[in-house]
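Numbering (the working numbering), first residue to last: 1011 to 1414. All residues carry an ideal CB built from backbone N, CA and C; glycine is no exception. Everything on this sheet refers to the single structure shown next.
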Amino acid sequence: MTFDPYAVREDFPILKKMINGKNLIYFDNAATTQKPRQVVEAIRDYYFNYNSNVLRSINTLSAQATDLYIESRRKIASFIGAREDEIVFTKNTTESLNSLAEALPRLLERKLTVVTSIMEHHSNLLPWRRMVSEKGGRLIVVGMNSDFTVDLDELEKRLEEGCDVLTMVHVSNVLGTMNPVKELCRLAHKHGSLFVIDAAQSIPHIPFNVEEVNPDFVAFSGHKMLGPTGIGVLYIRKNLIEKMEPWELGGGMVKTVTMENQTYEDIPYRFEAGTPNIEGVVGLAAAVDYLNKIGLKNIVEHEANLVKHLMEGLDKKIVKVHGPEESVKHKGIVSFNVEGIHPHDVAQMLDTDGIMVRSGALCAEPLVNTLGVNAVVRVSFYLYNTMEEIDRFLESVKRLSMLT
């Protein structure tokens, strides 16, 4: 199909909203994405026609809700080339990574050496730091190359010294640069390490298949890929999920309980204690359907064109763009500073023009500090953004520059 962002926009009523008397321009997609009618309608249909708890009662309504829940899991698993029993539902990427930091010392039965990078979101740094602080072990942070991806030479040296877990971001939420996860996975496994991918900023935007990459764990969020908030995914490779102990206990994840012991449910249900976020799972499955219909390859091409147009239009005399000079290396994300104006002031001024961006350290303070600043302005695109919106943004930035 021919990709038409203007046709896509008709599915997103919020994009008709006025902000400060101006048409809304939403350039904060790395924080969260807008939701199409199809996702909202799927959630409404669940509540109007299927609302019941799942995997518990034997009544008809519960059985129908359970069927919908299981089918939704199948769609979400298929989206990344996984098996259904390799998919654990969480509330977001952050919870997925925290759960791993809790579970892996128990799985490996030793103090762990964890290697990560300076590029990480706080969610892929703080849980591991606390883990080694409380349970022993080491956390090693490797740097970046001049191309703003992880330094593979330094990384391999660290892996050779001994590593239990390599955990790495796929696409940086600050720079939009993409780490070579296939090569990272190969290196990790070569040196006997488990490999974790923070895919929060990649799976919504680019084709990703666990069979091709071969990671041990992958974490991502529904709300960054047109789905509702409060639903996340943790992929765990089959040979590992079968060995792992649950990190939360309660209802729905046990087969039998006595006062002395318990037996756990089959995978993946043993990892989903309590009533799950059923509407979130249904909504995320609808988002997957929507993205499959659009085609991720179309999204990749569209975002590349948007980034190119933006970077060509920014006045480099007063705007410092962080990361590679080549626009194609920014996967839908561009961060910058305007000379003489604090990023928060830039964001507020853009807001008066109806343009929504993000400013600050972007929950990646160590990375932002390595750029020589303590805050940036971030523009992040998705399938419904247009060239005309970028033109309006560039005009707004040009007016700002006159204040310096």
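For a quick check, are the C-beta atoms of residue i and residue j less than 8 Å apart?
| i | j | result |
| --- | --- | --- |
| GLY1186 | HIS1312 | no |
| TYR1300 | LEU1236 | yes |
| MET1178 | ILE1207 | yes |
| VAL1181 | ILE1090 | no |
| GLY1147 | VAL1124 | yes |
| ILE1068 | GLN1044 | no |
| SER1133 | THR1104 | yes |
| LEU1372 | VAL1184 | yes |
| SER1231 | ASN1102 | yes |
| GLU1094 | ARG1084 | yes |
| ALA1111 | MET1154 | no |
| TYR1060 | ALA1075 | yes |
| THR1100 | GLY1284 | no |
| VAL1440 | ILE1288 | The requested residue 1440 is not part of the displayed model; the chain covers only 1011 to 1414. |
Pull up the DSSP beta-bridge partners for residue i, would you.
| i | result |
| --- | --- |
| LYS1339 | None; LYS1339 has no bridge partner. |
| ASN1347 | LYS1330 |
| MET1028 | ASN1033 |
| VAL984 | There is no way to answer for residue 984, as the model of the chain reaches only from 1011 to 1414. |
| ARG1368 | ARG1388 |
| ILE1207 | MET1178, VAL1228 |
| VAL1267 | GLN1272 |
| LEU1136 | In the DSSP output, where bridge partners are listed per residue, LEU1136 has none listed. |
| THR1242 | The question names Thr, but residue 1242 is Gly in the sequence shown. DSSP, once it has assigned bridges, lists THR1100, SER1231 as partnering GLY1242. |
| MET1188 | VAL1181 |
Using the three-state DSSP reduction, which class does residue i fall into: helix, strand or coil?
| i | result |
| --- | --- |
| PHE1218 | coil |
| MET1163 | The displayed chain sequence assigns Asp, not Met, to residue 1163. DSSP places ASP1163 in helix when its eight states are reduced to three. |
| MET1254 | coil |
| LEU1381 | coil |
| GLY1293 | helix |
| ASP1038 | strand |
| LEU1259 | coil |
| PRO1278 | coil |
| ARG1168 | helix |
| SER1062 | coil |
| LYS1121 | coil |
Would you kindly report the start and end of the unbroken alpha helix (DSSP H) that includes residue i?
| i | result |
| --- | --- |
| MET1321 | 1306–1323 |
| SER1088 | 1070–1089 |
| GLN1358 | 1353–1362 |
| ASP1055 | 1047–1059 |
| LEU1194 | 1191–1200 |
| LEU1107 | 1103–1118 |
| VAL1018 | 1015–1019 |
Ends of the beta strand (DSSP E) at residue i?
| i | result |
| --- | --- |
| ASP1174 | Unbroken run through ASP1174: none, as it is neither H nor E. |
| THR1100 | 1097–1100 |
| LEU1236 | Element bounds for LEU1236: n/a, residue is neither H nor E. |
| LEU1410 | LEU1410 -> not in any beta strand (DSSP E); alpha helix (DSSP H) instead, spanning 1397–1411. |
Could you check if residue i belongs to the surroundings of the ligand FAD, using beta carbon to heavy atom distance under 7 Å?
| i | result |
| --- | --- |
| SER1143 | Questions concerning the ligand FAD fall outside what the structure shown contains, since it holds no ligand whatsoever. |
- Message: With three or more C-beta pairs closer than 8 Å as the rule, is the stretch 1291–1298 touching the stretch 1189–1201?
- Response: no
- Query: Pairing CB atoms from the stretch 1389–1397 with CB atoms from the stretch 1342–1362, are three or more of them under 8 Å?
  - Reply: yes
- For the stretch 1015–1022 and the stretch 1251–1263, state whether three or more C-beta atom pairs, one from each stretch, are separated by less than 8 Å. no
- Please confirm if the stretch 1159–1169 is in contact with the stretch 1351–1362, defined as three or more CB-CB distances below 8 Å between the two stretches. no
- Contact between the stretch 1226–1246 and the stretch 1047–1060: three or more CB pairs below 8 Å? yes
- Item | Sufficient close CB pairs (3 or more, under 8 Å) joining the stretch 1033–1042 to the stretch 1357–1376 | yes
- Query: Is there contact here, the stretch 1115–1124 with the stretch 1323–1335, by at least three beta-carbon pairs under 8 Å?
  - Reply: no
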